[in-house]
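In the numbering used here, the protein residues as written are 39 to 144.
See below for the structure under consideration.
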């Protein structure tokens with residue numbers, strides 16, 4: 039995990055508690071300075087998920103295998119590919135975690 043600026047410093051985001059969160063390092067590398075992305079269903083540009091203001095379970099769910107994150111809303115659907123939350127490396131890790139009962143989190 040790494041500390042992420044929800045609104046990136048390059049976009050004027052402050053280094054204050056309300057703008058910081060823990061983030062998967064790989065996801066953070068894909069996020070970069072993005073604050074919004076295209077919903078692949080509607081084509082609409084929407085804000086990325088905000089972990090300080092939004093509930094994860096309203097925007098995301100685990101698939102039946104517990105290894106893929108599924109976007110439930112426009113925000114979730116846009117955030118998953120923007121942060122590459124289902125890249126092959128993390129899927130492989132999640133499958134291992136599922137096999138020993140560590141995943142998905144409850």
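Cβ coordinates follow ideal geometry from the N, Cα and C atoms, glycine included.
Return yes when the Cβ of residue j is within less than 7 angstroms of the Cβ of residue i, no when it is not.
| i | j | result |
| --- | --- | --- |
| residue 142 | residue 100 | yes |
| residue 132 | residue 78 | no |
| residue 118 | residue 109 | yes |
Have a look at residue i and residue j and give me their C-alpha separation to the nearest angstrom.
| i | j | result |
| --- | --- | --- |
| residue 71 | residue 124 | 19 angstroms |
| residue 86 | residue 43 | 12 angstroms |
| residue 50 | residue 39 | 23 angstroms |
| residue 61 | residue 113 | 17 angstroms |
| residue 107 | residue 68 | 16 angstroms |
| residue 93 | residue 111 | 12 angstroms |
| residue 83 | residue 120 | 12 angstroms |
| residue 41 | residue 130 | 23 angstroms |
Taking residue i as the reference, give the member of the options with the closest Cα.
| i | options | result |
| --- | --- | --- |
| residue 144 | 50, 83, 95 | 95 |
| residue 102 | 136, 58, 57, 52 | 136 |
Is DSSP giving residue i helix, strand or coil here?
| i | result |
| --- | --- |
| residue 46 | coil |
| residue 61 | strand |
| residue 100 | strand |
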